[in-house]
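In what follows, a single structure is set out as structure tokens and then discussed.
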Amino acid sequence: MPQGGTAASSSSHVRRIARRTRDSCAAALANTLCSLLLGLLLVAAVVLFVLWLGLRPHRPRFNIASFSVAGGLDPDYSPAGTSLAFNVTDRNPNRHIGIYYDAMHASVHFYDALVASGPAFAARWYQPNKTTTSITGLLDVLGPATTDASWPSFSAAVRSGRVPLRLQLTTAIRFRVTNAFHSGRQRMHVSCDLLVGVDGNLLPESHGAACNRYF
Ligand SMILES: *[C@@H]1O[C@H](CO)[C@@H](O)[C@H](O)[C@H]1NC(C)=O
Ligand SMILES: *[C@@H]1O[C@H](CO)[C@@H](O)[C@H](O)[C@H]1NC(C)=O
1 MPQGGTAASS SSHVRRIARR TRDSCAAALA NTLCSLLLGL LLVAAVVLFV
51 LWLGLRPHRP RFNIASFSVA GGLDPDYSPA GTSLAFNVTD RNPNRHIGIY
101 YDAMHASVHF YDALVASGPA FAARWYQPNK TTTSITGLLD VLGPATTDAS
151 WPSFSAAVRS GRVPLRLQLT TAIRFRVTNA FHSGRQRMHV SCDLLVGVDG
201 NLLPESHGAA CNRYF
């Protein structure tokens, strides 16, 4: 019996050692696999970040090229009934990414008063990578009327020869990364602050002025 007892206890001792060795081996293996996996994840994250830095879409840039109110402005008469023409250059700065535009709406304000409003580009269109497009429009001038609350300050601005107007373009864009991959649609407001003289044309300091974009 003591012999058998010793044999049994030594065999259970061996089993214990074997189990402990196996457990610690498994733990070490799991550890190695875990570190390897974490390392791979880290490398993938860095690669994705670098790719994103290089490929992320840049938003288009807008500059005012020309703007004119037909017949000019008069401090004693409302410009309503005439028309105004604008030309804004639109640059897609992306080397590989094209831009889809929804139909575009244009409006012109003198501070809060509406001067003109209407469609600029009535249909959807596509702008290829690294190209510049001219967005032109011809709008009916609606105001301000001489009876409007804004008239005195409008008239005074015309008299001073510097009329601050804001041309706003509203649309939505999507980036085309590849044939199969497009970004989601996002609303875009382009706001161009410009100064117009009595002749109805841009003052020199507004030529080529950059427009702000809001998303
Ligand atoms: C708009 O302005 C751009 C840049 O000055 C010019 O190249 C283009 O011909 C103009 N477009 C129209 C219709 O006047
Ligand atoms: C526009 O993108 C395509 C596809 O990435 C490319 O082959 C082409 O050279 C690009 N065009 C310009 C002008 O960069």
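In the UniProt record's numbering, the protein residues as written are 1 to 215. Heads up, the beta-carbon is just placed ideally off N, CA and C, and yes, glycines get one too.
Own chain residues within Cβ distance below 8 Å of residue i, not counting five before or after
i, result
"residue 158", "73, 74, 75, 198"
"residue 119", "103, 104, 105, 106, 137"
"residue 182", "100, 174, 175, 176"
"residue 184", "174"
"residue 109", "115, 165, 166, 168"
"residue 186", "172, 173, 174, 215"
"residue 4", "Its pLDDT being 49, under 50, residue 4 is placed unreliably in this model, and the value from its coordinates should be taken loosely. Around residue 4: no qualifying Cβ."
"residue 156", "75"
Under the three-state DSSP convention, the category residue i falls into
i, result
"residue 222", "There is no way to answer for residue 222, as the model of the chain reaches only from 1 to 215."
"residue 39", "helix"
"residue 142", "coil"
"residue 49", "helix"
"residue 23", "helix"
"residue 195", "strand"
"residue 187", "strand"
"residue 159", "helix"
"residue 86", "strand"
"residue 217", "Since the first residue shown for the chain is 1 and the last is 215, residue 217 is missing from the structure and cannot be characterised."
"residue 4", "With a pLDDT of 49 at residue 4, under the threshold of 50, the predicted position of this residue should be treated as unreliable, and no value is reported."
Neighbour-count burial assignment, residue i, 16 or more Cβ in a 10 Å radius
i, result
"residue 42", "exposed"
"residue 176", "buried"
"residue 17", "exposed"
"residue 53", "exposed"
"residue 34", "exposed"
"residue 215", "exposed"
"residue 25", "exposed"
Ligand 2 heavy atom lying under 7 Å from the CB of residue i
i, result
"residue 58", "no"
"residue 179", "no"
"residue 96", "yes"
"residue 212", "no"
Proximity test, residue i beta-carbon vs ligand 1 heavy atom, cut-off 7 Å
i, result
"residue 92", "no"
"residue 65", "yes"
"residue 136", "yes"
"residue 133", "no"
Same chain, Cβ closer than 7 Å to residue i, neighbours up to 5 away in sequence not counted
i, result
"residue 123", "103"
"residue 1", "With a pLDDT of only 48 at residue 1, under the threshold of 50, the placement of this residue in the model should not be trusted, and no figure is reported."
"residue 206", "64, 194, 195"
"residue 58", "93, 94"
Assumed close pair residue i, residue j - CB separation to whole angstroms, cut-off 8 Å
i, j, result
"residue 62", "residue 166", "Residue 62 to residue 166, Cβ: 13 Å. No contact."
"residue 190", "residue 169", "4 Å"
"residue 141", "residue 69", "7 Å"
"residue 139", "residue 83", "7 Å"
"residue 111", "residue 150", "7 Å"
"residue 192", "residue 209", "7 Å"
"residue 160", "residue 87", "With 8 Å as the limit, residue 160 and residue 87 do not qualify as a contact, their Cβ atoms being about 25 Å apart."
"residue 113", "residue 148", "6 Å"
"residue 91", "residue 32", "Not a contact, Cβ separation roughly 52 Å."
Close beta carbons around residue i, own chain, < 6 Å, minus the five adjacent residues each side
i, result
"residue 117", "107"
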